[in-house]
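Colleague: With UniProt numbering applied, the sequence shown has no gaps in its numbers, which climb one by one up to 611 at the end.
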Amino acid sequence: MNLADWTLGPLERYFTESLQRLDPKADASVLAAAALCCQALGAGDVCLPLARVAGQRVFADAGPGLLAPSLEAWLASLRGSRLVASPGGYAPLTLDGARLYLSRYHAYEAQLAANLLQRAAARPEVDEVQLSESLARLFARNTQQPDWQRLAAAQAVRRNLAVISGGPGTGKTTTVVRLLAALLEQPGGQRLAIGLAAPTGKAAARMAEAIRNAKAELPVSDSIKAALPEEARTLHRLLGSRGDSPRVRHHADNPLPLDVLVVDEASMVDLALMAKLLDALPPNARLILLGDKDQLAAVEAGAVFAELCEGRGFDAQAAADLQRLTGQPVPVDNPRSRLGDAVVLLTHSHRFAGDSGIGELARRINGGNARGTLDLLRGAHPDLAWNAAPSPAALLERLESGYAPYFAAVRSGDPQTAFTAFNGFRALTAQREGPWGVGGINEALEARIRRRLGVPSRERWYAGRAVMVRQNDYALGLFNGDIGLCLSTPNGLRVFFEGDEGYRPFAPARLPSHDSAFAMTVHKSQGSEFTEVLLALPEQPSPLLTRALFYTGITRAKLKVEIWGLPARLAEAVSTKAERAAGLAERLGVSAQEPPVPSGPVQEQDQLSLF
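1. Rounded C-beta distance between E400 and L445? I'm assuming under 8 angstroms.
2. The alpha helix (DSSP H) that contains T373, what's its start and end?
3. Let me know the secondary structure DSSP gives Y101 once reduced to three states.
4. If you draw a straight line from the alpha carbon of residue 612 to that of R82, how long is it in whole angstroms?
5. If you compare alpha carbons, which of H514, R452, R458, S457 is closest to D482?
6. Check the C-beta distance from Q190 over to Q526 and give it rounded, since I have them as a contact under 8 angstroms.
7. Here's a check: name, in chain order, each residue in its chain whose Cβ is nearer than 7 angstroms to the Cβ of L273, leaving out the five neighbours to either side.
8. For the alpha helix (DSSP H) holding V469, just list the boundary residues, first then last.
9. Would the stretch 149-168 count as touching the stretch 328-342 if we require 3 or more Cβ pairs under 8 angstroms?
10. Do you know offhand how far A252's Cα is from A280's?
11. In terms of residue numbering, what span does the beta strand (DSSP E) encompassing Y503 cover?
12. In the DSSP assignment, find the unbroken alpha helix (DSSP H) run with K202 in it and report its ends.
13. For the candidate residues E397, L238, F479, R569, whose alpha-carbon lies nearest to that of L374?
14. Do L48 and L33 count as a contact pair if the criterion is CB distance below 8 angstroms?
15. Answer with buried or exposed for N115, where buried requires no fewer than 16 other C-beta atoms within 10 angstroms of its C-beta.
16. Looking only at its chain, what residues have a beta carbon closer than 7 angstroms to the beta carbon of G437, apart from the 5 residues adjacent to it on each side?
17. List, from N- to C-terminal side, the beta strand (DSSP E) runs of 3 residues or more that fit wholly inside the stretch 400-452.
18. Compute the Euclidean distance between the alpha carbons of A197 and A26, then round it to the nearest angstrom.
19. How is P49 classed by DSSP in three states: helix, strand or coil?
20. Give the single residue among Y14, E307, A475 whose Cα lies nearest to the Cα of C38.
21. Answer yes or no: do V46 and G302 have a C-beta to C-beta separation smaller than 8 angstroms?
22. Does DSSP put V533 in a helix, a strand or coil?
23. Can you tell me the Cβ-Cβ gap for Q111 and A216, rounded? I've got them flagged as a contact below 8 angstroms.
24. For S165, which three-state DSSP category applies?
25. List the whole-angstrom C-beta distance separating V220 from L290, where the pair is believed to meet the contact cut-off of C-beta under 8 angstroms.
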């Protein structure tokens, strides 16, 4: 066996060579499965479904590669290898049915499922008379029937786990502010330690700002308003991440000092981070997850939030209890998941009215209706535009005109004026590389801007340059995804960032690693809102073009979305539903057979960083 004949990336090669050192007699099919498992993880899958590649030739891009065995033969080979353990065992790889995991990720998934089920089954003590009165007052303005915001709040107070999903404008922040107020109005509620968190610094700042703004209008006492939290942290900072180490400061043996934790933008949280978060949260603490199940999943492995939302519903007893408590009609839909009524879907969009083209486009995309999507875009909707025959030159001209109001605002030197104008228009792309990617568009657009402004090509900084931070810098208080705008000041060029107490200027040389940000990927735009969005799709087919990406991109727009893409690419995006291989939903399913769950908290193993 010669690994040199296989087309492997550096990480896969290192991993298989390490396994060979552990077992020099390891069968080629076992090493191939390990390398494929590593590749799958890099592509966002939690595990390798062996049936997906059994009997196919693999690693053959630039060599003979290897013909994978049949599924039965492969399973037999894996079961006989000392590099592979059964669930609950100890080895670099874990075989669970016909799914192969890197063992750390199997532990994450099993531990997370057990933790979620334990929390979903818990019933904290609640004064339902007080809760009913709180809900009626806090949601009195809502006229929808059923009022899913009120029902979500009721479940979040009555359960230790609440999963609240909703698209843009469905009022997730409004719901969480009111449910926290209802929780604080419970006997002893004002003594609760409540934490707010989000996956990124930008999302955490937006969450805190939204809650500060929303609580001013709450029909509650001043003491309740004062008890509502106003600060949010990133999940990594909350847990106490330690650089490149997978270990965190807070875990089951050193839990977070919280009674309630609210996590916004939970669809961006990967499996490993979610497992560590629940491991660190005290068993009796409430966990409230907010997100949009239809948005793009996390960049890292797993689509946890979407899996949690599968099989949601209320059985007859849960529906009757909720109707009695809230006065709302509750449809009976027997859940297929043991999380059951812990999951509530907000359906009424306050941002997109019934005649909204963006709202209808989002519905057709999520429904996988490619023909209907194209027909809608061909129609006359004031909030939709489509360029079906795009060219890079025409795109640059359009972007230059789109950012013209921003550069007019830059001349004022006022950060607030500049940020307001910059958020009025944004270019989004599906990928980073190529003429239709972030890098190509930013480079070409900035060259035009420099010529227009008379800035020498060697000058990196100029008034109006927009940048996005790529890495967290806790000393400066700048985080991955933060947007900065370069403006002229009496002290020279300064890059301004939005902060809790206004705009903070930094000398360009002080900034952490960053990129230009006139165009940004749809992934990076998650959680953001812009008045108008231009979404540019690549000319060639791409695995990145999926329904979730298309939906996430168009719903960043508040008033208008403009799509530049060939009809074939749009149809492919709508028709392609990204499915990440994982076993979490099955572990939570009513009929699922649970493999043994490791006892105790998720442990990090030291043999190899991927084990």
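No residue lacks a Cβ here, since even glycine has one placed at the ideal position from N, Cα and C. All values derive from a computational prediction rather than experimental measurement.
Modeller: Let me spell this out:
1. 7 angstroms
2. 370-378
3. strand
4. Because the chain spans 1 through 611 in this model, residue 612 falls outside it and cannot be assessed.
5. H514
6. With 8 angstroms as the limit, Q190 and Q526 do not qualify as a contact, their Cβ atoms being about 34 angstroms apart.
7. L235
8. It is not in any alpha helix (DSSP H) - V469 instead sits in the beta strand (DSSP E) that spans 466-469.
9. yes
10. 5 angstroms
11. 502-506
12. 201-215
13. R569
14. Contrary to the premise, residue 33 reads as Ala rather than Leu in this sequence. The answer is yes: Cβ separation under 8 angstroms.
15. buried
16. T429, Q431
17. 425-429
18. 44 angstroms
19. strand
20. Y14
21. yes
22. strand
23. That belief does not hold up - the Cβ atoms of Q111 and A216 are roughly 40 angstroms apart, past 8 angstroms.
24. strand
25. Not a contact, Cβ separation roughly 20 angstroms.
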